[in-house]
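Have a look at the structure below, then the notes.
Protein chains: 2
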Amino acid sequence: MRTEFLKACKGEKTDYTPIWIMRQAGRYLPEYHTVRSKGSFLDLCKNPERAAEVTLQPVDIIGVDAAILFSDILVPLEKMGCPLEFHEKRGPVFPEPIRTQAAVDALRIPDAEGDLGYVMDTIRILRKELVNKVPLIGFSGAPFTLATYLIEGGSSKNYLLTKRMMYENPALYGQLMDKITDCTIAYLKGQVVAGAQALQIFDSWVGVLAPCDFRDFAYPYVKRIIDALKAVTDIPLIYFANHGATLLPQTKHCGADVLGFDWRIGLDDVVRQVGQTVSIQGNLEPLCLFLPEDKLAARVRMVLEEAKGARGHIFNLGHGIVPEADPAKAKLLVKLVHEISREMRG
Amino acid sequence: MRTEFLKACKGEKTDYTPIWIMRQAGRYLPEYHTVRSKGSFLDLCKNPERAAEVTLQPVDIIGVDAAILFSDILVPLEKMGCPLEFHEKRGPVFPEPIRTQAAVDALRIPDAEGDLGYVMDTIRILRKELVNKVPLIGFSGAPFTLATYLIEGGSSKNYLLTKRMMYENPALYGQLMDKITDCTIAYLKGQVVAGAQALQIFDSWVGVLAPCDFRDFAYPYVKRIIDALKAVTDIPLIYFANHGATLLPQTKHCGADVLGFDWRIGLDDVVRQVGQTVSIQGNLEPLCLFLPEDKLAARVRMVLEEAKGARGHIFNLGHGIVPEADPAKAKLLVKLVHEISREMRG
Numbered sequence: 263m264r265t266e267f268l269k270a271c272k273g274e275k276t277d278y279t280p281i282w283i284m285r286q287a288g289r290y291l292p293e294y295h296t297v298r299s300k301g302s303f304l305d306l307c308k309n310p311e312r313a314a315e316v317t318l319q320p321v322d323i324i325g326v327d328a329a330i331l332f333s334d335i336l337v338p339l340e341k342m343g344c345p346l347e348f349h350e351k352r353g354p355v356f357p358e359p360i361r362t363q364a365a366v367d368a369l370r371i372p373d374a375e376g377d378l379g380y381v382m383d384t385i386r387i388l389r390k391e392l393v394n395k396v397p398l399i400g401f402s403g404a405p406f407t408l409a410t411y412l413i414e415g416g417s418s419k420n421y422l423l424t425k426r427m428m429y430e431n432p433a434l435y436g437q438l439m440d441k442i443t444d445c446t447i448a449y450l451k452g453q454v455v456a457g458a459q460a461l462q463i464f465d466s467w468v469g470v471l472a473p474c475d476f477r478d479f480a481y482p483y484v485k486r487i488i489d490a491l492k493a494v495t496d497i498p499l500i501y502f503a504n505h506g507a508t509l510l511p512q513t514k515h516c517g518a519d520v521l522g523f524d525w526r527i528g529l530d531d532v533v534r535q536v537g538q539t540v541s542i543q544g545n546l547e548p549l550c551l552f553l554p555e556d557k558l559a560a561r562v563r564m565v566l567e568e569a570k571g572a573r574g575h576i577f578n579l580g581h582g583i584v585p586e587a588d589p590a591k592a593k594l595l596v597k598l599v600h601e602i603s604r605e606m607r608g
Numbered sequence: 263m264r265t266e267f268l269k270a271c272k273g274e275k276t277d278y279t280p281i282w283i284m285r286q287a288g289r290y291l292p293e294y295h296t297v298r299s300k301g302s303f304l305d306l307c308k309n310p311e312r313a314a315e316v317t318l319q320p321v322d323i324i325g326v327d328a329a330i331l332f333s334d335i336l337v338p339l340e341k342m343g344c345p346l347e348f349h350e351k352r353g354p355v356f357p358e359p360i361r362t363q364a365a366v367d368a369l370r371i372p373d374a375e376g377d378l379g380y381v382m383d384t385i386r387i388l389r390k391e392l393v394n395k396v397p398l399i400g401f402s403g404a405p406f407t408l409a410t411y412l413i414e415g416g417s418s419k420n421y422l423l424t425k426r427m428m429y430e431n432p433a434l435y436g437q438l439m440d441k442i443t444d445c446t447i448a449y450l451k452g453q454v455v456a457g458a459q460a461l462q463i464f465d466s467w468v469g470v471l472a473p474c475d476f477r478d479f480a481y482p483y484v485k486r487i488i489d490a491l492k493a494v495t496d497i498p499l500i501y502f503a504n505h506g507a508t509l510l511p512q513t514k515h516c517g518a519d520v521l522g523f524d525w526r527i528g529l530d531d532v533v534r535q536v537g538q539t540v541s542i543q544g545n546l547e548p549l550c551l552f553l554p555e556d557k558l559a560a561r562v563r564m565v566l567e568e569a570k571g572a573r574g575h576i577f578n579l580g581h582g583i584v585p586e587a588d589p590a591k592a593k594l595l596v597k598l599v600h601e602i603s604r605e606m607r608g
């Protein structure tokens, strides 16, 4: 198995900089569409064979150094008792949003195997398929990000309802976050047992919080998840606080092995702030895949140079690859990262 | 006239911290709806008497220390030759987006008085009405933000088309930005002649750029506008780079008298970075208006404390006030800022 990814997570020396791509198993790949066309998005998440199949596609086609479980951060919430729908245009929808004491009280903590066995089955299939290939990353959403979907009933523009609950009814907000946190801990522990070799916690929307609100309303729950996992496993944990540059003075203490970054902060700035305490992941602007080859190479080199002083660096895009991206460019990106990082090591 | 706002912009001593609120003339005010109901949003922008009337409302009702011209950043683009529509749900729409050489070539530079006389008339009415009240702020969008609307044809989720033009056809992108910049310079100079007593440049979407792309594709145009204005006027210039914390190492050199900040960076962090070189504006999380009174007061005090070392501080929300806000809370906010800042001055 190629282990550069796992080594970089732990700050061990690597021959080249490993790369994986957020949403690497996704709509930019024609091969994905072929599998996806057999049913709905949720059908695909819940079908272990097919979910495993699309998980493997970018490993074989693009050549990334890690596979990440094909799933969605919202699937455990469905098993908390919240019906979940995916609409072609609006995206995820929770038709029964969680906004009252009664609704929070009614939420249950799902059992990883009993309720989310399809995810665990996918992981088990993948571990077999990935022998002699690359490590498998499991994942979850972070509590704040998950809470926004439950409270807003789907995606949001300004997170009005979430922040109103935080500000107007912090006790209720806290109870909801506690339940989501407990759910996430159980879910991620289940993934570890099933065979995940690293875990990423996606905090996709946390960048909408003021630093003081992050401290009070989001960070403690992330910390609790990381502490709970660290007590049972030493696989690498990655925390990705999207658009979270100003949260870094806090996130750097979260206990994760790796912090992920979007493209809106230079990794040199990150390294200055975190020193040798954690490895870092990121952070090419996703739309750089539309640059001509020479400029893409220059940009890859820039990111690698910026990350040079890091304890460990896993290359990634700063957010998910867009459906409009050309798979050939994604493949080229992997090649460039490998070549330039080897060259930089002399 | 109450001059605390102008003094703070220039770093002069003030008896209290002045405050105005982004979108203070807006949908949270029932009085606004009364005027707005007489026609479309664009009708209101183009009717100097009515635009002046809604501009004055928050001065009289909420008690803010500055008025800001009621208009929209997109109106000058219409006069560049781009038909503009406002849809109730989608917001602004340019049905003929600018994506080709021919489209860029066809853009003209509007004349402030000849093409946008209704804005200049509004300013002239307001200056008369505001005698003995508060100063009047004029404004424009910043070139990158304006370009996103023209290229995308309206609002956008990931600015795919804008960034593709930047990356795939930088020469065309540069020509478009040059024209928008020339338009903006003429437009703002016109506002100065008409009587604006300060100007804010809104860069609402610039926070989606990587620092190196901001350097290459956005900042030079902002700098050119500020330089052009500084050559003809000494009224305060405010540059608001929304969600731009990581751009601060660059924006602090832009030459504006004031830098505006959203709520995702602490003003203490800002002061550390800018020192005494500029005044700062911001940055209460807009949804803090939903906090109970005692917690709102504590949060106001926090922002004031964080800004304490600044050359000058103008209090504001970190972004526009939301339509759901209670006008009574906005009024309370103004009172709290005045009282607490007076108290802090001993």
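For the record, the sequence lines run as chains R and L.
Heads up, the final residue of the first sequence is numbered 608 in our numbering, and it's a clean run with no missing numbers.
Heads up, the final residue of the second sequence is numbered 608 in our numbering, and it's a clean run with no missing numbers.
For glycine and all other residues, C-beta sits at the position ideal for the given N, C-alpha and C.
Here D465 (chain R) is buried. Its C-beta has 16 or more other C-beta atoms within 10 Å.
Any Cβ of chain R closer than 7 Å to the Cβ of K395 (chain L) would place that residue at the interface, and such an atom is absent.
Beta-bridge pairing by DSSP links Q543 (chain L) to L:G522, L:I576. Neighbours of E430 (chain R) in chain L, taken as residues at a C-beta separation under 9 Å, are given in chain order as F552, L553, P554. Within the region 523–546 of chain R, contact with chain L at the beta-carbon level (separation under 8 Å) is assigned to W525, R526, I527, G528, D531. By the rule that beta-carbons nearer than 7 Å mark a contact, T508 (chain L) touches chain R. Taking 7 Å as the CB threshold, K390 (chain R) stays off the interface with chain L. Taking C-alpha positions only, D478 (chain L) is separated from K485 (chain L) by approximately 12 Å. Comparing C-alpha distances from L318 (chain R) to each of R:L304, R:Y294, R:S302 shows the shortest one belongs to R:Y294.
Among the CB atoms of chain R, none fall inside 7 Å of the CB of R563 (chain L).
Interface annotation, P473 (chain L): in contact with chain R, CB-CB separation under 7 Å. Membership of E347 (chain L) in the beta strand (DSSP E) is indicated by the continuous run 347–349.
Under the three-state reduction of DSSP, Q538 (chain R) is assigned to coil, being neither helix nor strand.
Interface criterion not met: the Cβ of L491 (chain L) is under 7 Å from no Cβ in chain R.
Shown in chain order are the members of the region 399–428 of chain L whose Cβ falls below 7 Å from a Cβ of chain R: N420, L422, K425, R426.
In this structure P405 (chain L) is not in contact with F267 (chain L), their Cβ atoms being roughly 26 Å apart against a cut-off of 8 Å. Looking from the CA of L336 (chain L), the closest CA among L:I330, L:P345, L:A328, L:A329 belongs to L:P345. Assigned with DSSP and collapsed to three states, D373 (chain L) falls in coil, not helix or strand.
Listed by position along chain R, the residues whose Cβ is nearer than 9 Å to that of G469 (chain L) are H505, R526.
A507 (chain L) is a Cβ neighbour of A507 (chain R), given a cutoff of 7 Å. Under the three-state reduction of DSSP output, V337 (chain R) falls in the helix class. Counting only the Cα atoms, G288 (chain L) lies some 25 Å from A374 (chain L). For the region 578–590 of chain R, the beta-carbon criterion of a distance under 8 Å to any beta-carbon of chain L is satisfied by G580, V584, E586.
For L438 (chain L), no chain R residue has a C-beta closer than 9 Å to its own C-beta; the minimum C-beta separation is roughly 17 Å. Shortest Cα-Cα distance from A490 (chain L) to any of L:T446, L:F523, L:I323 involves L:T446. Annotation: S299 (chain R) is outside any alpha helix (DSSP H) and is labelled neither H nor E by DSSP.
Under the Cβ distance rule, L549 (chain L) counts among the residues neighbouring chain R, one pair being separated by less than 7 Å.
A distance below 7 Å separates the beta carbons of Q453 (chain L) and G400 (chain L). Pairing Q543 (chain L) with L434 (chain L) gives a Cβ-Cβ distance that is not under 7 Å. Looking at the DSSP output, P354 (chain L) shares a beta bridge with L:F348. The region 419–494 of chain L is shown to contain whole alpha helix (DSSP H) runs of 4 or more residues at 422–430, 432–456, 473–479, 481–492, in chain order.
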